[in-house]
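In my numbering, the protein residues as written are 1132 to 1377.
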């Protein structure tokens, strides 16, 4: 006699466990989806990215922020921010000259920076020539997410500098042994730096309310650097770039 096997049955406890697991997975997926959406909706921290470039023939090459230039070299910056604001860039050269690199009169003093768009500094010829005695040009960068109001008139043209130049004994040097072995002169003291107090600023910048150096994070890479703030900016950000040259 043939025996007909009965269909296997699943214990009730197994069915209950499977349903519970499926519900938990659906709930977890929903929570993760909502969390990802919430993170995506949060604004990114304010961030500025700057690249230093040197002209070589007809081309431009990105260089280390601490690169030591020769007199007569042509230099420019590329600037990008992830937020909209107003940008001012001023250069205090080793010769004592204080000039505005961005904006320029030739462009109608327009200095509105759109989020995500790349800009060249200087604003017109898009390069400036290294000149003056050997040392460090101090380039001040001011980026403000809000209008400076009446204070903007004091920035254009810039006022006379109050901060003295570094002593002549502090000349650029090739102190990066690895890069020196590759034929490049890199000065680790050059490049981007935060500003700790108003005494380090020229008169036309020292009175402006700004984020303190503790609120800024400067990240230095081999061919660029970034300046960011962990919290939303409510006023101007000011930092400096020491351009080393022979």
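Even glycine gets a Cβ: it sits at the ideal position worked out from N, Cα and C.
Please classify residue i as buried or exposed, where buried requires at least 16 neighbouring CB atoms within 10 angstroms.
i, result
"residue 1241", "exposed"
"residue 1374", "buried"
"residue 1330", "exposed"
"residue 1170", "Legend: pLDDT at residue 1170 = 40, less than 50; position of this residue unreliable, no value from coordinates given."
"residue 1308", "exposed"
"residue 1350", "exposed"
"residue 1367", "buried"
"residue 1363", "exposed"
"residue 1232", "buried"
"residue 1184", "buried"
"residue 1376", "buried"
How big is the Cα-Cα spacing for residue i and residue j?
i, j, result
"residue 1263", "residue 1369", "25 Å"
"residue 1278", "residue 1365", "10 Å"
"residue 1260", "residue 1203", "6 Å"
"residue 1211", "residue 1245", "9 Å"
"residue 1348", "residue 1361", "8 Å"
"residue 1182", "residue 1230", "20 Å"
"residue 1323", "residue 1206", "16 Å"
"residue 1371", "residue 1326", "7 Å"
"residue 1166", "residue 1175", "Residue placement at residue 1166 is poorly supported in this model, since its pLDDT is 45, which falls under 50; the coordinates are not used for a value here."
"residue 1305", "residue 1269", "19 Å"
"residue 1208", "residue 1357", "13 Å"
"residue 1168", "residue 1272", "The pLDDT assigned to residue 1168 is 46, lower than 50, so where the model puts this residue is not dependable; a value taken from the coordinates is nonetheless given after this. Going from the Cα of residue 1168 to the Cα of residue 1272 covers about 35 Å."
"residue 1346", "residue 1355", "20 Å"
"residue 1426", "residue 1318", "This structure cannot speak to residue 1426, because the chain is shown only from 1132 to 1377."
"residue 1316", "residue 1243", "35 Å"
"residue 1236", "residue 1255", "9 Å"
For the beta strand (DSSP E) holding residue i, just list the boundary residues, first then last.
i, result
"residue 1192", "1190-1194"
"residue 1252", "1249-1252"
"residue 1185", "1178-1187"
"residue 1272", "1266-1275"
"residue 1222", "1216-1223"
"residue 1301", "Segment: none, residue 1301 is in no beta strand (DSSP E) and carries neither H nor E."
"residue 1354", "Where residue 1354 is concerned, there is no enclosing beta strand (DSSP E), given that its DSSP letter is neither H nor E."
"residue 1235", "No beta strand (DSSP E) contains residue 1235, which DSSP labels as neither H nor E."
"residue 1210", "1205-1212"
"residue 1374", "1368-1376"
At a cut-off of 7 Å, would you count residue i as near the ligand MG, judging by its Cβ distance to the nearest heavy atom?
i, result
"residue 1250", "No copy of the ligand MG appears in this structure; indeed no ligand is present at all."
Between residue i and chain C, is the shortest Cβ-Cβ distance under 8 Å, so that the two count as touching?
i, result
"residue 1186", "Chain labels in this structure do not include chain C; a single protein chain is all it has."
Inside the stretch 1304-1341 only - alpha helix (DSSP H) runs reaching at least 4 residues
1308-1312 and 1334-1337
Touching or not, the stretch 1243-1257 and the stretch 1326-1335, by the rule of three or more beta carbon pairs under 8 Å?
no
I'd like to know if the stretch 1261-1276 and the stretch 1223-1239 are in contact, where contact means that at least 3 CB-CB pairs between them fall below 8 Å.
yes
Any chance the stretch 1184-1194 sits against the stretch 1214-1221, with 3 or more Cβ pairs inside 8 Å?
no
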